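For reference, the structure is listed below as structure tokens.
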Amino acid sequence: MLSATATPRPKFGTPAYYAAISAGSISWEDADQDWQRVQERRQHRVATPAPRRVFRDRPVRKRQYARAMATTVARDSRISSGAVRLLVILRAMCGERGFVATTNAALCDAVEKSPATIKRWLRELRGDLPGGIPGDAYVTTDIIREGGVPVGIYVELTKLVQPFYESIPRRQKPAPELSTDRLDLSGVKTRESTYTERMLRQCQTIREAKAEQRARKMPDGKPWTSNPRSRMAQQPVLCIGQPQEPPLWLTDDGLDPETGEVIRLFECR
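With the numbering used here as the guide, the letters of the sequence shown map in order to residues 129 to 397.
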């Protein structure tokens with residue numbers, strides 16, 4: 129039995145335990161017994177069960193995505209990891225506006241947590257850390273009421289969440305100086321005039337493409353070949369009872385200059 133003045137034996141396997149063996153306060157027989165007790169405990173040890181969260185269903189596939197945001201909240205070790213997850217979802221819900229009107233039930237369904245957990249995470253994101261320690265405010269919240277009854281929550285992101293390039297002022301082009309003179313206003317283009325010019329260019333391109341396609345099918349005023357046999361062979365076949373008209377590709381060389389009739393190069397018998 130240890131006395132009140134005796135020092136407690138250090139834990140097995142620690143540097144202090146081996147220092148006690150070297151000093152002689154712990155014998156090698158006692159060290160061997162401690163090692164055997166540790167091995168017996170390891171054999172009868174119960175494995176730690178897997179957490180319940182690994183057996184949950186996978187998240188539902190959505191087309192929701194989070195926009196660019198600063199990594200300040202991810203590097204802030206004062207807040208919990210669940211609060212960071214909630215802020216990412218809030219960033220996706222806010223979009224370009226930077227604010228969203230939602231409910232606690234919707235946030236609970238998004239992260240699969242209880243309303244008390246959502247309130248605690250929102251409190252951390254507002255800068256109210258546990259123990260009354262002030263922190264950085266990443267969101268500001270307000271309760272939406274109708275007739276005095278709370279029906280939702282209004283969440284707005286602060287500048288700490290926005291990326292740095294959104295706070296940089298963009299240089300805007302100076303607006304054109306407009307005057308009452310109609311001659312000066314003719315050089316100013318509006319959105320409607322630009323759209324009309326673009327549509328006219330598209331129509332012109334379509335007309336040119338159709339004209340080129342027609343010219344490729346039937347050349348205008350030029351035979352396909354200089355051989356008269358081939359030129360007559362490619363002449364379209366018409367009914368005998370109907371009067372035959374000269375084809376479009378036939379030049380003036382195939383017409384009689386006196387009568388204007390088609391000269392038959394080969395007599396059909």
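Virtual Cβ for every residue (Gly too), placed ideally from N, Cα, C. From a predicted model like this one, the values you see are computed outputs, not experimental measurements.
C-alpha of Gly259 to C-alpha of Lys247: approximately 16 Å in a straight line.
Taking the CA atoms as reference points, Val174 sits about 12 Å from Glu168. Around Lys139, the same chain offers Tyr145 as residues with beta carbons nearer than 8 Å, after the five sequence neighbours per side are excluded. Membership of Leu288 in any beta strand (DSSP E) is not indicated, and neither H nor E is assigned to it by DSSP. The C-alpha of Lys338 lies about 17 Å from the C-alpha of Met327.
Here DSSP, grouped into helix, strand and coil, assigns Pro177 to coil. When DSSP assignments are scanned along the region 188-265, the uninterrupted stretches of beta strand (DSSP E) that are 3 or more residues long and fall wholly within it turn out to be 227-230.
In this structure, DSSP gives Ile154 a state outside helix and strand, which the three-state scheme calls coil. Pro278 carries a strand assignment under DSSP once its states are collapsed to helix, strand and coil. Cα atoms of Leu288 and Pro187: separation of roughly 28 Å, rounded to the nearest angstrom. A straight line joining the alpha-carbon of Asp158 with that of Arg137 spans about 11 Å. The shortest C-alpha to C-alpha distance from Phe292 to any of Thr199, Arg254, Arg181 is the one to Thr199. Taking C-beta separations shorter than 7 Å and ignoring five residues to either side along the sequence, the partners of Thr269 in its chain run Leu250, Arg254, Ile281, Tyr282, Val283, following chain order.
Ala202 has its alpha-carbon roughly 18 Å from the corresponding atom of Pro262. The beta carbon of Ile154 sits closer than 6 Å to those of Ala148, all from its chain and outside the five residues before and after it, given in chain order. If the five residues before and after Arg206 are omitted, its C-beta is found closer than 7 Å to the C-beta atoms of Leu257, Gly263, all from its own chain and listed in chain order. At the C-beta level, Val228 and Cys236 stay beyond 8 Å of one another.
Between Arg184 and Leu285, the C-beta spacing is not below 8 Å.
Excluding sequence positions up to five before and after Pro278, its CB lies within less than 8 Å of the CB of Ile271, Ile272, all in the same chain and listed in chain order.
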